[in-house]
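S.K.: Okay, so the sequence shown: first residue is 4 according to our numbering, each after it adds one.
Each residue gets a CB set at the ideal place from its N, CA and C atoms; glycine is no exception.
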Amino acid sequence: MAKLDEPLRNLLGAKTAKVLASGLELHTVGDLVHHYPRRYAQRGELTDLDGLVDGEHVTVMAEVTKVQGRTIPRSPGYLLEVTVSDGHGTLKLTFFGRKGAWRAEKELSPGVRGLFSGKVTTYRPRGGGRPQRQLTHPEFRVLPEEGSAGAAAREFAEEIIPIYPATKGLESWKIEECVQIVLDQLDLGPDPMPGPILRRHGLIGLGEALRGIHKPRDWGELERARRRLKWDEAFVLQIALAQRRKAASALPAKPRPRVRGGLLDAFDAALPFTLTEGQLQVGEEIAADLSGEHPMHRLLQGDVGAGKTVVALRAMLQVVDGGGQAALLAPTEVLAQQHYRSITAMLGPLAEAGRLGGADKATRVVLLTGSQGAKARRQALLEAASGEAGIVVGTHALLQEHVQFADLGLVVVDEQHRFGVEQRDALREKAAGGRPHVLVMTATPIPRTVAMTVFGDLETSTLSQLPSGRAEIKTFVVPPERPAFLARTWERIREEVAQGRQAYIVCPRIGAQEDEEDDAPTPPPGPDDEGRRAPVAVLDLLPRLEEELLTGLRIGVLHGKLPPDDKDAVMRRFAAGEIDVLLATTVVEVGVDVPNATVMVIMDADRFGVSQLHQLRGRVGRGSLPGLCLLVTDAEPGSRARQRLDAVASTTDGFALSRLDLEQRREGDVLGAAQAGRHSSLRLLTLLKDEELIRTARTEATALVEADPDLQGHAALAAELAVMLDEERAGFLEKA
Ligand code: ADP
Ligand code: MG
Numbered sequence: 004m005a006k007l008d009e010p011l012r013n014l015l016g017a018k019t020a021k022v023l024a025s026g027l028e029l030h031t032v033g034d035l036v037h038h039y040p041r042r043y044a045q046r047g048e049l050t051d052l053d054g055l056v057d058g059e060h061v062t063v064m065a066e067v068t069k070v071q072g073r074t075i076p077r078s079p080g081y082l083l084e085v086t087v088s089d090g091h092g093t094l095k096l097t098f099f100g101r102k103g104a105w106r107a108e109k110e111l112s113p114g115v116r117g118l119f120s121g122k123v124t125t126y127r128p129r130g131g132g133r134p135q136r137q138l139t140h141p142e143f144r145v146l147p148e149e150g151s152a153g154a155a156a157r158e159f160a161e162e163i164i165p166i167y168p169a170t171k172g173l174e175s176w177k178i179e180e181c182v183q184i185v186l187d188q189l190d191l192g193p194d195p196m197p198g199p200i201l202r203r204h205g206l207i208g209l210g211e212a213l214r215g216i217h218k219p220r221d222w223g224e225l226e227r228a229r230r231r232l233k234w235d236e237a238f239v240l241q242i243a244l245a246q247r248r249k250a251a252s253a254l255p256a257k258p259r260p261r262v263r264g265g266l267l268d269a270f271d272a273a274l275p276f277t278l279t280e281g282q283l284q285v286g287e288e289i290a291a292d293l294s295g296e297h298p299m300h301r302l303l304q305g306d307v308g309a310g311k312t313v314v315a316l317r318a319m320l321q322v323v324d325g326g327g328q329a330a331l332l333a334p335t336e337v338l339a340q341q342h343y344r345s346i347t348a349m350l351g352p353l354a355e356a357g358r359l360g361g362a363d364k365a366t367r368v369v370l371l372t373g374s375q376g377a378k379a380r381r382q383a384l385l386e387a388a389s390g391e392a393g394i395v396v397g398t399h400a401l402l403q404e405h406v407q408f409a410d411l412g413l414v415v416v417d418e419q420h421r422f423g424v425e426q427r428d429a430l431r432e433k434a435a436g437g438r439p440h441v442l443v444m445t446a447t448p449i450p451r452t453v454a455m456t457v458f459g460d461l462e463t464s465t466l467s468q469l470p471s472g473r474a475e476i477k478t479f480v481v482p483p484e485r486p487a488f489l490a491r492t493w494e495r496i497r498e499e500v501a502q503g504r505q506a507y508i509v510c511p512r513i514g515a516q517e518d519e520e521d522d523a524p525t526p527p528p529g530p531d532d533e534g535r536r537a538p539v540a541v542l543d544l545l546p547r548l549e550e551e552l553l554t555g556l557r558i559g560v561l562h563g564k565l566p567p568d569d570k571d572a573v574m575r576r577f578a579a580g581e582i583d584v585l586l587a588t589t590v591v592e593v594g595v596d597v598p599n600a601t602v603m604v605i606m607d608a609d610r611f612g613v614s615q616l617h618q619l620r621g622r623v624g625r626g627s628l629p630g631l632c633l634l635v636t637d638a639e640p641g642s643r644a645r646q647r648l649d650a651v652a653s654t655t656d657g658f659a660l661s662r663l664d665l666e667q668r669r670e671g672d673v674l675g676a677a678q679a680g681r682h683s684s685l686r687l688l689t690l691l692k693d694e695e696l697i698r699t700a701r702t703e704a705t706a707l708v709e710a711d712p713d714l715q716g717h718a719a720l721a722a723e724l725a726v727m728l729d730e731e732r733a734g735f736l737e738k739a
């Protein structure tokens, strides 16, 4: 009998094991039994041949309709052409060789059904005949005919044939054979899932599930198998996350309960608007966490413009009132500067401790970035270390070792996706007397299940409503078939500027042989990008705007390659209204807040992701003035790119758009690079569709970890967890 960690060569022989290892990265019994079929075919249902894609390695089930052999002129060779059909479309199989030499000639005759496997190509006959899809020298397996030996009639008709992700040299049916050999000898040991959990959720045993997923006798059995295996994926992941939460919450932290009559009260009293119900409620959750003796670990999410910054600032003030300091980390210099400016502005006299005009209870806010001048930096470091600065705003530079805090009580991480766990840990080290509380803010709203997995070790707070009185943002696509719209676009900018408003123009690229590492990443080129022109670049568009399209307007340029001081200067001038049009890359994607800006033009908008576009347009319509977002594209109507843009234009619901965004990506991309490899522990589970299951698994996992944190009473489960953590090298867990 074979255990899961047994090398495949012991069961299948060195030759087959080698192909499985090199072609599919399958090394052990465990790897192979978790290599699930990609889909299932039923004998009655032939593969749709129209759906085949050139260049793909496919396995199709089809029926032979014609067999024709002919000699090749001036050559000793012989060509066998076999046509197979799915009932309407056809596919040609070609075999070259010597007459009478192949199995194909003996086994394939009209009426025979079989599985055919090979690479799809298209043959275009000279003289312009109809192009014909073909497989050259495919591997094949003839399916036994009804009534032939060994196939009982009923079983035969209903047999479900698994189709595996195959590789050259190892066809689907050979993988099926390997899997069956391994399953026959498999010794799973005790089921890793506790019996009561299986019973509560009506789940079948693991052995039964593995047999069911590979060779289901009927569709019901397949469904039960999938449910059990999905459960395992969700549950083991949630166990890991629950353990992390538990470990983190066991650490000591200094409680920072609310102090009446302090800075926070003064701030609230001076706020020029009323907090939304959501802001108040989330504020309460955070206030309660901060009062606790264990560190807060909370994710704050909400749509663009939902007002996350005020919520974070109120948390910071509560900590400052409690005698501690708060650090706010931003992913870029532009954002750090922006936060610094808006926090000082919101606090007003409350941020001017020790200065003329400062309020009594005032504190100080300092900015600390990697590129600031030595003098400013020294001053900032000093104020952080002495505790004079209640709030320290910065970039990654904050994480450097020589940055000292007098009493760091709270770390707010803005736009989480660019900070890893190591960086968060580095900051925690800086807190004396326990770990600081941590509040993470996401840039874009994320679906609940993604929050529960990708950010699963954090508690989640969601701001689901936008502040009232917020003007609406209208979004339009400026398409290639309507050139007049583009002319109108420039005109609209002029009109807004004439009314004293401002505009953004965003391009996917900087231009001039740049290396754009510093800018927010644009999505990698998709398959439809092939052979297209390079996207519009800031530095190429600038002269056209100045000389032709927007002559006379004051245009500022912002991109990641500018020296930090210049970036800051440009942003300041834009915020002060000294620049009419800000021509930029995606550095303006997050957080930038200039309420007087009313138009956002996005060039080559199809080059950006859905969430990114939503984030970008969130830069306008931030005040009481309505926002206008124009998505300029040359994507043709009906193309996938156009559909995405139309979706963005049709709704301002960030949660709906982020779902759409995620649906269009592979699961691996959702979870990050570490997940993209073959050995993803999430093979069947889809974050968007299996919400109910993930939620249930989370509840069960939390309860189990609560009762038995180290899984001492669940050895088999602990072993499965170890395998998963090892496989992922905790890759995406680390990301949170
Ligand atoms: P985001 O959630 O995108 O970070 P911000 O915190 O930047 O949003 O808030 C967007 C804008 O809305 C800011 O100008 C902020 O001052 C303003 N704002 C926040 N809360 C409210 C509110 N309750 N009423 C009115 N305006 C608000
Ligand atoms: Mg923000």
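So is residue 511 buried or exposed if we call it buried at 16+ other beta carbons inside 10 Å?
M.R.: In the sequence shown, residue 511 corresponds to position 508, counting from 1. It is buried - the Cβ of residue 511 has at least 16 other Cβ atoms within 10 Å.
S.K.: Pop quiz: residue 480 and residue 443 are said to be a contact at Cβ under 8 Å. What is the actual Cβ separation, rounded to whole angstroms?
M.R.: In the sequence shown, the residue the question calls residue 480 occupies position 477. In the sequence shown, the residue the question calls residue 443 occupies position 440. Their Cβ separation, rounded to whole angstroms, is 34 Å, which puts residue 480 and residue 443 out of contact at 8 Å.
S.K.: Do the CB positions of residue 644 and residue 654 come within less than 8 Å of each other?
M.R.: For this step, residue 644 is matched to residue 641 along the sequence shown. For this step, residue 654 is matched to residue 651 along the sequence shown. No, these two residues do not count as a Cβ contact at 8 Å.
S.K.: From the DSSP output, in three-state form, read off residue 417 for me.
M.R.: Along the sequence shown, one-based indexing puts residue 417 at 414. Strand.
S.K.: What residues match up with residue 164 in a beta bridge as DSSP calls it?
M.R.: Taking the first residue of the sequence shown as position 1, residue 164 is located at position 161. For residue 164, which the question treats as bridged, DSSP gives the partners 44.
S.K.: Does the separation of the CB atoms of residue 641 and residue 599 fall below 8 Å?
M.R.: Along the sequence shown, read from residue 1 onward, the residue named residue 641 stands at position 638. Along the sequence shown, read from residue 1 onward, the residue named residue 599 stands at position 596. Cβ atoms of residue 641 and residue 599: not closer than 8 Å.
S.K.: When the Cα atoms are used, what is the spatial distance from residue 308 to residue 136?
M.R.: Counting from 1 along the sequence shown, the entry for residue 308 is found at position 305. Counting from 1 along the sequence shown, the entry for residue 136 is found at position 133. The alpha-carbon atoms of residue 308 and residue 136 are separated by roughly 52 Å.
S.K.: Regarding residue 135 and the ligand SAH, is the C-beta to nearest heavy atom distance less than 7 Å?
M.R.: Of the ligands this structure carries, namely the ligand ADP and the ligand MG, none is the ligand SAH.
S.K.: Apart from the five residues just before and just after residue 3, which ones in its own chain have a Cβ nearer than 6 Å to its Cβ?
M.R.: There is no way to answer for residue 3, as the model of the chain reaches only from 4 to 739.
S.K.: Could you tell me the alpha carbon to alpha carbon distance between residue 220 and residue 108, rounded to whole angstroms?
M.R.: The count along the sequence shown starts at 1 and reaches residue 220 at position 217. The count along the sequence shown starts at 1 and reaches residue 108 at position 105. If I take the Cα positions, the gap works out to 32 Å.
S.K.: Please state the DSSP three-state secondary structure of residue 64.
M.R.: To locate residue 64, count along the sequence shown from 1; it is residue 61. Looking at residue 64 - three-state DSSP - the assignment turns out to be strand.
S.K.: Starting from residue 464, follow the beta strand (DSSP E) in both directions and report where the run begins and ends.
M.R.: Within the sequence shown, numbered from 1, the residue matching residue 464 stands at position 461. Here the beta strand (DSSP E) through residue 464 covers 462-466.
S.K.: Less than 6 Å between C-beta atoms, sequence neighbours within five positions excluded: which residues of the same chain meet that for residue 163?
M.R.: Locating residue 163 in the sequence shown gives position 160, counting from the first residue. Within the same chain, residue 163 has close Cβ partners 43, 45, 219.
S.K.: Can we count residue 470 as close to the ligand ADP, meaning its CB is less than 7 Å from some heavy atom?
M.R.: Position 467 of the sequence shown, counting from 1, holds the residue named residue 470. Indeed, a heavy atom of the ligand ADP lies less than 7 Å from the Cβ.
S.K.: If you run the structure through DSSP and keep just helix, strand and coil, what is residue 238?
M.R.: Locating residue 238 in the sequence shown gives position 235, counting from the first residue. Residue state, collapsed to three classes: helix.
S.K.: What do you reckon, is the C-beta of residue 302 under 7 Å from a heavy atom of the ligand ADP?
M.R.: As a working note, residue 302 is residue 299 in the sequence shown. No.
S.K.: Please state whether DSSP places residue 286 in a helix, a strand or coil.
M.R.: Working through the sequence shown from its first residue, we reach residue 286 at position 283. Residue 286: helix per DSSP, three-state reduction.
S.K.: Could you tell me if residue 498 is buried or exposed, where buried requires 16 or more neighbouring beta carbons within 10 angstroms of its beta carbon?
M.R.: For the purposes of this step, residue 498 is taken as residue 495 along the sequence shown, with counting starting at 1. Classification of residue 498: exposed, given that the 10 Å Cβ count is below 16.
S.K.: Is the number of C-beta pairs between the stretch 300-314 and the stretch 271-282 that are closer than 8 Å three or more?
M.R.: At 8 Å Cβ cutoff, the stretches touch.
S.K.: Would you call the CB atoms of residue 321 and residue 259 closer than 8 Å?
M.R.: Indexing the sequence shown from 1 puts residue 321 at position 318. Indexing the sequence shown from 1 puts residue 259 at position 256. Their beta carbons are under 8 Å apart, which means residue 321 touches residue 259 by this criterion.
S.K.: Tell me which same chain residues have a C-beta within less than 6 Å of the C-beta of residue 538, skipping the five on either side of it?
M.R.: Taking the sequence shown and counting its residues from 1, one reaches residue 538 at position 535. Correct list, in chain order: 511, 512, 607, 610.
S.K.: Please confirm whether residue 397 and residue 372 have their CB atoms less than 8 Å apart.
M.R.: For the purposes of this step, residue 397 is identified with residue 394 of the sequence shown, where counting begins at 1. For the purposes of this step, residue 372 is identified with residue 369 of the sequence shown, where counting begins at 1. Yes, Cβ-Cβ distance for residue 397 and residue 372 is below 8 Å.
S.K.: Let's test the definition: count the other Cβ atoms within 10 Å of the Cβ of residue 99 and tell me whether it reaches 16, buried, or not, exposed.
M.R.: One-based indexing of the sequence shown puts residue 99 at position 96. Residue 99 should be labelled exposed.
S.K.: So the candidates are 386, 468, 572, 503; which of them puts its Cα closest to the Cα of residue 344?
M.R.: To locate residue 344, count along the sequence shown from 1; it is residue 341. That would be 572, whose Cα lies nearest to the Cα of residue 344.
S.K.: State buried or exposed for residue 74, treating a residue as buried only when at least 16 other CB atoms are found within 10 Å of its CB.
M.R.: One-based indexing of the sequence shown puts residue 74 at position 71. Burial call: exposed.
S.K.: Please state whether the Cβ-Cβ distance between residue 330 and residue 262 is less than 8 Å.
M.R.: The sequence position of residue 330 within the sequence shown is 327, counting from 1. The sequence position of residue 262 within the sequence shown is 259, counting from 1. No; because the gap between Cβ atoms is not below 8 Å, this pair is not in contact.
S.K.: Check whether the stretch 645-664 touches the stretch 487-494, counting contact only when three or more Cβ pairs, one atom from each stretch, lie closer than 8 Å.
M.R.: Segments in contact, no.
S.K.: Would you kindly check if the distance between the Cβ of residue 620 and the Cβ of residue 465 is under 8 Å?
M.R.: Numbered from its first residue, the sequence shown carries residue 465 at position 462. Numbered from its first residue, the sequence shown carries residue 620 at position 617. Result no, Cβ atoms of residue 465 and residue 620 do not sit closer than 8 Å.
S.K.: Quick check for students: name the residue ranges of the beta strand (DSSP E) that lie wholly in the stretch 695-732, counting only runs of 3 or more.
M.R.: Segments of the beta strand (DSSP E) lying fully in the stretch 695-732: there are none.
S.K.: Quick one: is the Cβ of residue 309 within less than 7 Å of any heavy atom of the ligand ADP?
M.R.: Counting from one through the sequence shown, the residue named residue 309 turns up at place 306. It does: the Cβ of residue 309 is within 7 Å (strictly closer) of some heavy atom of the ligand ADP.
S.K.: So does residue 282 have its beta carbon nearer than 7 Å to some heavy atom of the ligand ADP?
M.R.: Reading the sequence shown from its first residue, position 279 is the one you call residue 282. The answer is yes for residue 282.
S.K.: Just curious, the beta strand (DSSP E) that residue 632 is in, first and last residue?
M.R.: To locate residue 632, count along the sequence shown from 1; it is residue 629. Here the beta strand (DSSP E) through residue 632 covers 630-635.
S.K.: Cβ of residue 658 versus every heavy atom of the ligand ADP: is any distance shorter than 7 Å?
M.R.: Position 655 of the sequence shown, counted from the start, is the residue given in the question as residue 658. No, the Cβ of residue 658 stays beyond 7 Å of every heavy atom of the ligand ADP.
S.K.: Residue 463 and residue 232: beta carbons closer than 8 Å?
M.R.: Counted from its first residue, the sequence shown places residue 463 at position 460. Counted from its first residue, the sequence shown places residue 232 at position 229. No, they are not a contact pair.
S.K.: Which same chain residues end up closer than 7 Å to residue 37 when comparing Cβ atoms and leaving out the 5 residues on each side of it in sequence?
M.R.: Taking the first residue of the sequence shown as position 1, residue 37 is located at position 34. Within the same chain, residue 37 has close Cβ partners 686.
S.K.: Compare the beta carbon distance of residue 48 and residue 123 with 8 Å and say whether it is the shorter of the two.
M.R.: Here the question's residue 48 lines up with position 45 in the sequence shown. Here the question's residue 123 lines up with position 120 in the sequence shown. Not in contact: residue 48 and residue 123 (Cβ atoms no closer than 8 Å).
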